[in-house]
Structures are given as structure tokens and as C-alpha cells.
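Taking our numbering, the leading residue of the sequence shown gets 1, the next gets one more, and so forth. For reference, the structure discussed in these notes is given below.
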Amino acid sequence: MNVTIIGTGVAGLTCAVEFAERGVSVEVVERSDALGAQSCSWYAGGMLAPWCEREHAPGIIAELGVQSLAWWRQRFPGTVQRGSLVVAHGRDLAELSNLSRRTEGYEWLDGNGIDALEPELGGRFSRALFFKDEAHLDPREALQFLATRLQELGGVIRFGTTIDQASPSDLTIDCSGLAARGELKDLRGVKGEMLLLRSREITLTRPVRVLHPRTPLYIVPRQGGVFMVGATMIESDDATRITARSMLELLSAAYGLHPIFGEAEVIEIGTQVRPAFPDNVPRIRRRGGRIYINGLYRHGFLLAPALAHLAANVVLDGRHYDGRYLGVMDENHREW
Ligand SMILES: Cc1cc2nc3c(=O)[nH]c(=O)nc-3n(C[C@H](O)[C@H](O)[C@H](O)COP(=O)(O)OP(=O)(O)OC[C@H]3O[C@@H](n4cnc5c(N)ncnc54)[C@H](O)[C@@H]3O)c2cc1C
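Here it is, written out as C-alpha cells:
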């Protein structure tokens with residue numbers, strides 16, 4: 001069987017690897033000239049946080065997130081499973097209790113517990129929630145890894161190419177993110193802004209979320225003293241610029257976590273738009289001879305492997321699924 005996949009974001013590349021691992025001949029077409037150049041995936045934080053995300057997402061997100069986490073761990077050596085830490089400043093401590101009521105898979109820590117995990121934060125926070133089974137990865141390394149893995153499996157990626165230039169195939173899987181809006185009319189954009197900071201003066205070993213009633217933000221450590229600070233959530237599909245307000249909020253969150261971030265270099269300012277359906281739950285849809293995997297919202301890395309697996313089960317094994325939240329559906333939301 002030959003499959004053409006549109007897009008080298010996390011949805012397209014996980015799907016490509018999943019199908020190639022099952023013996024399918026895969027060609028991926030990407031309109032831009034390089035990995036990440038126009039993808040939302042390039043700007044992600046890379047948090048694999050099924051239990052933290054449970055705060056605002058239905059159970060299916062956590063369920064698929066746990067499956068995806070195992071997928072990443074089995075394949076990508078850059079998957080770091082040291083948990084995630086959630087803190088709040090004194091005036092916002094009620095936010096921690098609110099989160100604890102809406103999720104599971106955590107333990108409460110006091111100041112000493114925080115100090116034991118992240119000594120640089122010792123003395124700065126009195127309470128935290130620790131989600132020990134959560135993980136994170138560097139999205140750019142992960143995308144590069146998937147591209148290499150696909151090529152090792154005999155798959156091909158053609159950059160600067162669209163579907164009309166692809167080789168003939170039995171099936172097209174469209175993973176073009178927000179660009180599929182012309183065909184998937186209920187897809188919308190949710191803008192996300194982020195910063196990359198560099199500091200050699202502070203070490204964090206896991207993502208830290210700072211709760212706040214209006215602007216909850218997080219910091220994800222990467223190699224080489226780099227920290228991703230993210231991310232805003234704005235109902236907009238304008239990816240052109242970060243606003244002054246967002247910049248202020250992101251930098252304030254970093255500074256509030258530790259003043260040493262005041263001395264950090266700002267090495268990148270990023271803005272992208274997440275593809276989302278009205279309920280913020282992804283879908284696998286079929287229209288004619290094409291399958292769409294889309295609407296990954298703020299959960300692309302958390303969910304893409306599980307969606308790829310589901311899509312491969314349906315296409316290759318003819319399995320059917322319950323369409324409660326996430327289903328395999330036609331364009332009228334009928335299961336198929
Ligand atoms: C700031 C920020 C932080 C985030 N943090 C996290 C996080 O911590 N954890 C998490 O799980 N998720 C996170 N996300 C969400 C995640 O990034 C998205 O859900 C995910 O990137 C969506 O992936 P995708 O493959 O569907 O789309 P994209 O990554 O946008 O990929 C689509 C690709 O298709 C290509 N394409 C489009 N049209 C065509 C065409 N006609 N022909 C060929 N190619 C085409 C595009 O160039 C692009 O490369 C974050 C998002 C943002 C913006």
C-alpha cells in the first residue's frame with residue numbers, strides 16, 4: 001500500500017512513522033522548504049502532560065495522552081520523564097487547590113519537597129503539585145528524529161511540494177494543520193506566543209507551571225541553558241506578531257518564577273496558531289478518498305502518536321471506534 005501524507009508537523013510525521021513501521025510505503029509532501037518553517041509544531045513547548053491538561057480537557061485527552069507518552073518513550077530517546085511541577089505565588093494558592101480538584105495523578109509537596117526536586121526554586125514557593133509520571137521533549141529534536149526515522153524505514157519527505165506534485169498513491173492523509181480550514185469548515189485558530197530564553201545561571205530539570213487566575217504560564221527546560229516560556233492562548237488566527245502585553249506576561253512569569261531570568265538572553269520570539277475544533281478535541285475525518293487528522297489544539301505532541309495509531313488501525317485493520325469525543329467520522333460526524 002502507498003500513502004501520501006500532507007504536512008511535516010507532529011501529526012504528519014508521527015502518522016508517517018506509524019504507517020511506515022507497519023510496512024506501508026509513505027511519501028510526505030511539505031509545502032515549505034524545511035522542517036518546521038511554517039508549522040505550529042516548531043513552536044510547541046513539548047510538554048507531555050496528560051494529567052495537568054485534564055484541568056480543562058475531557059478524559060479522552062488524558063487517555064490518549066498516556067498512550068502517546070508510551071509511544072514517545074519507546075521511540076524517541078529525547079523523551080524526559082521527570083514529571084512536572086505546578087506552583088503558585090502566595091496570593092494565587094487557591095489556584096493549586098482548584099487544579100487538584102479537577103485532575104489526578106499528583107502529589108502535594110511542601111517547600112522542602114520543592115527544594116528536593118528543583119533546588120533553584122527552594123524557598124520561593126510553599127506548596128506545589130507534582131505530577132511524577134508526566135514528561136517533556138524538545139519538539140524540534142523530536143520532529144528531526146521522526147524525519148530521520150521515517151527515512152530509515154524507507155519513507156520519503158519532499159519539501160517545497162504540494163499534493164498535486166506527489167506520486168500516485170492509494171490514500172492521502174491530510175495533516176496540514178490550520179491550512180485545512182478550507183475543507184474543514186469548523187476548524188479555527190488559537191494563537192500561541194512563546195519565548196526562548198538562555199541562561200547558564202539557573203537549572204531546572206522538568207517543566208514548571210506557574211498558576212495564575214488570568215495568565216497561567218509555564219517554563220520548559222531544554223539543552224544548553226535554553227528555556228521555553230509559553231504560552232498565550234488567544235482566539236485569533238493572526239500569527240504575525242507577539243503583542244507587548246503578551247511579551248510582558250511571559251517575561252513576568254519567568255521573572256516571578258526566579259529573578260535570575262531577568263538576566264537571561266531572549267534568543268527567540270515565536271508566534272503560531274494552533275488548529276482547533278469547537279470543543280478543542282481532535283478528529284480523524286474522512287472525505288472522499290482523503291483522511292484528515294486535525295484539531296490537535298494545544299495537545300499536538302501529547303496526542304499525535306495516539307491519533308496516528310488509531311488512524312492506522314482503521315485504515316490497515318478496518319477497526320471501528322466509538323465516536324464519543326474523538327471518533328473516526330465522516331464530514332457529518334457520522335461514524336464510519
Ligand atoms: C506556543 C505553543 C506551545 C505549544 N505547546 C504544546 C505542548 O507543550 N504540548 C503539546 O502537546 N502541544 C503544544 N502545542 C500545540 C501543538 O504545537 C499543535 O497541536 C501541533 O503543532 C499541531 O500539529 P499539526 O501537525 O496538526 O500542524 P502543524 O504543526 O502546523 O503542521 C502542518 C504542516 O503542514 C504543512 N502544510 C500546510 N498546508 C500544506 C499543503 N497544502 N501542502 C503541503 N504541506 C502543507 C505546513 O507547512 C506544516 O508544516 C503548542 C502550540 C503552540 C503554538
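All C-beta atoms, glycine included, are put in the ideal place defined by N, C-alpha and C.
What residues match up with Q350 in a beta bridge as DSSP calls it? In the structure displayed, the chain extends from 1 to 336; residue 350 sits before or after that span and is not available.
Neighbour-count burial assignment, W51, 16 or more Cβ in a 10 Å radius: W51 sits buried, since 16 or more C-beta atoms from the chains shown fall within 10 Å of its C-beta.
Looking at the structure shown, is E263 part of a helix, part of a strand, or coil, going by DSSP? In the structure shown, the three-state DSSP call for E263 is helix.
At which residues does the beta strand (DSSP E) containing F131 begin and terminate? According to the DSSP assignment, F131 belongs to the beta strand (DSSP E) that extends over 127-131.
C-alpha gap between E335 and D110, whole angstroms: Since pLDDT at E335 reaches only 47, below the 50 mark, its modelled position is unreliable, and no value is offered.
Alpha carbons only, please: which of Q272, F301, L307 is nearest the one belonging to G192? Comparing C-alpha distances from G192 to each of Q272, F301, L307 shows the shortest one belongs to Q272.
Under a three-way DSSP split, which group does L342 fall into? Because the chain spans 1 through 336 in this model, residue 342 falls outside it and cannot be assessed.
Based on the DSSP secondary-structure assignment, which residues constitute the bridge partners of P106? What sits at residue 106 in the sequence shown is Tyr, not Pro. Paired residue(s): none; Y106 is not in a bridge.
Note down the Cα distance separating P139 from L48, rounded to an integer number of angstroms. Their backbone Cα atoms lie some 11 Å apart in a straight line.
Please classify P119 as buried or exposed, where buried requires at least 16 other C-beta atoms within 10 Å of its C-beta. Looking at its Cβ environment, which holds fewer than 16 other Cβ atoms inside 10 Å, P119 is exposed.
Integer Cβ distance of V210 from V87, believed to fall under 8 Å: About 6 Å separates the two Cβ atoms, so the contact holds.
Do the stretch 102-109 and the stretch 126-135 touch if we need at least three Cβ pairs shorter than 8 Å? At 8 Å Cβ cutoff, the stretches touch.
Report the start-end ranges of each beta strand (DSSP E) in the stretch 129-195 that is 3 residues or longer and not cut off at the edges. Look at the stretch 129-195 and you find these whole runs of beta strand (DSSP E), each 3 residues long or longer: 156-159, 171-174.
Does the distance from the CB of F159 to the CB of S32 come in under 8 Å? Taking the C-beta atoms as reference points, S32 is found nearer than 8 Å to F159.
Ligand 1 and H89: does the residue's C-beta get closer than 7 Å to at least one heavy atom of that ligand? Answer for H89: no, Cβ out of range of ligand 1.
Assuming I260 contacts R198 (C-beta within less than 8 Å), just tell me the rounded distance between them. Approximately 12 Å separates the beta-carbon atoms of I260 and R198; this is outside 8 Å, ruling out the contact.
So what's N2 in DSSP terms, helix, strand or just coil? Three-state DSSP puts N2 in a strand.
When you compare the CB positions of A239 and C15, do they come within less than 8 Å of one another, or not? Result no, Cβ atoms of A239 and C15 do not sit closer than 8 Å.
Got a sec: does ligand 1 put a non-hydrogen atom nearer than 7 Å to the Cβ of V358? In the structure displayed, the chain extends from 1 to 336; residue 358 sits before or after that span and is not available.
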